[in-house]
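When we follow the UniProt record's numbering, the leftmost residue of the sequence shown carries the number 1, and every step to the right adds one. Notes follow the structure.
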Amino acid sequence: MKFEDAQQNMNLAYFGGGTGVLVSGLVWCIAGFVALLHSNQSSMLTLFFGGMFIHPLAMLLSKALKRSGNHDPKNPLGKLALESTIILFVGLFLAFYVAKLQAEWFYSIMLMIIGVRYLVFNTLYGMKVYWILGVSLMFSGMLCIVLNATFVIGAFIGGITEIVFALVIFAQSKGMVLKTE
């Protein structure tokens, strides 16, 4: 499978990754509301456990949008998608540990970690919008720390940013599909 074909296969299967970005944004916003209504600890756990459902829900949403929700098993980029998940585990460990010392930095760290992971998505989907999304999230996380943002601000920044970018990704992915059909 050629590299461009592998990217197109990922793009077609997962709507350019837009379904995952949308579901992730919703999880971040839900975690933000949990912080407002309950506690910081519950919010962190909401992001952690909600994050476990991002990929399965994104697959279902892809299927609902008439995409396969599964890439070709021979697609070598499938391994990269899985391997980039390790970034999340390291980030979660760091964020939870630092939150014991400075709770307000939990979402700031997660913004930066998720931003780093999205940089890899340009390779997965062949869409430079992921570089912009990644840098936006990393910069937002840094600003939250520098400006001493409250705990919940980072959750809503992450959620809203991802939801907005998901709409852009849907539009770009749909356009790419129409050009190839």
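Idealized CB from N, CA, C, for every residue including glycine.
Task: Classification of Glu4 by the beta-carbon crowding that lies within 10 angstroms, buried from 16 upward - done: exposed
Open item on the list: Let me confirm a value: Glu83 is counted as buried when at least 16 other C-beta atoms fall within 10 Å, else exposed. Which label applies?
Closed with: exposed
Task: Whole-Å CB distance - residue 219 paired with Gly51, under 8 Å assumed - done: Beyond the ends of the chain as shown, which are 1 and 181, falls residue 219; an answer cannot be given.
Task: Counted within 10 angstroms of its Cβ, other Cβ atoms place Thr85 as buried (16 or more) or exposed - done: exposed
TODO: Give every residue of the same chain whose Cβ lies closer than 7 Å to the Cβ of residue 213, excluding the five residues on either side of it in the sequence, and list them in chain order.
DONE: Because the chain spans 1 through 181 in this model, residue 213 falls outside it and cannot be assessed.
TODO: Return the CA-CA distance between Leu37 and Lys174, expressed in angstroms with no decimal places.
DONE: 37 Å
- [ ] Note down the Cα distance separating Ser39 from Lys2, rounded to an integer number of angstroms.
- [x] 49 Å
- [ ] With DSSP as the reference, label Ser84 as helix, strand or coil.
- [x] coil
- [ ] Quick one: give me the first and last residue of the alpha helix (DSSP H) that Met10 is part of.
- [x] Phe3 to Tyr14
Task: Beta-carbon gap between Ile109 and Leu94 smaller than 7 Å - done: yes
Open item on the list: For Pro56, report the span of its alpha helix (DSSP H) as first-last.
Closed with: Ile54 to Ala64
Open item on the list: In this structure, how does DSSP classify residue 197 when only helix, strand and coil are distinguished?
Closed with: Outside the displayed range of the chain (1 to 181) lies residue 197, so it cannot be described from this structure.
TODO: Below 6 Å CB to CB, which residues in the same chain sit around Gly154 once its five sequence neighbours on both sides are set aside?
DONE: Tyr107, Ser108, Leu111 and Cys144
- [ ] Write down the C-beta distance between Val152 and Ala35 rounded to the nearest angstrom, noting that I regard them as a contact closer than 8 Å.
- [x] 4 Å
Open item on the list: Once DSSP output is grouped into helix, strand and coil, what is the label at Ala166?
Closed with: helix
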